[in-house]
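Have a look at the structure below before the remarks.
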Amino acid sequence: MPVQLSDGERRLPDQGVLETVSAALLAIYGDHYGRAPKQAKTYLNDNVLVCVLQEDLLTAHEIGAVRRGDDDDVLTGRIAFQREHEARFVAAVERLTGRRVEAFLSANQTRPGVAAELFILAR
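Heads up, the sequence shown is in numbering that gives the first Met the number 0, so the first residue is 0 and it goes up one at a time.
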């Protein structure tokens, strides 16, 4: 999907930038949890940037909690993580894309372990 530049020029998003965003978000996960998910892919459509993280997302402790049926506890912990690191997520995306983040949203699922970090970028 072409990206609208400030001077009216349109170009496709640089795949390298999207891969770098994925790596930066994985690093934030790794810093917090001591390891990062195995896979992250970032997509940009117009002013919506989303990074989907999966494969080994949950820690051993979280997997145990899910097996016991304590999914809500895991999700509560994930929400706390994302709130705690929101400024880092936003700063990384702004630095790497050169665009201001207007909104940041986060979603998690435990079965299977998947997270999505969504950013609304300034046009």
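Note that beta-carbon positions come from the ideal geometry of N, C-alpha and C, so glycine has one too.
Per-residue DSSP class, three states only, for residue i
i, result
"A121", "coil"
"A35", "coil"
"L25", "helix"
"G112", "strand"
Option in the options with minimal Cα separation from residue i
i, options, result
"G68", "V16, E83 and T109", "T109"
"V49", "V92, P111, R122 and G97", "V92"
"V73", "E85, F88 and L57", "L57"
"L120", "Y28, D30, Y42 and G15", "Y42"
"K37", "D55, L117, R77 and F118", "D55"
"I27", "R98, E83, N44 and N107", "E83"
"Q53", "V100, L24, Q14 and E85", "L24"
"D71", "D45, F103, N107 and R99", "N107"
"Q81", "V16, L117 and K40", "L117"
Unbroken alpha helix (DSSP H) run spanning residue i, endpoints
i, result
"E54", "Where E54 is concerned, there is no enclosing alpha helix (DSSP H), given that its DSSP letter is neither H nor E."
"R94", "E85 to T96"
Residue span of the beta strand (DSSP E) that contains residue i, given as start and end
i, result
"N107", "V100 to T109"
Status (buried if at least 16 other CB within 10 Å, exposed otherwise) for residue i
i, result
"V20", "buried"
"G63", "exposed"
"L95", "buried"
"E61", "buried"
"A114", "buried"
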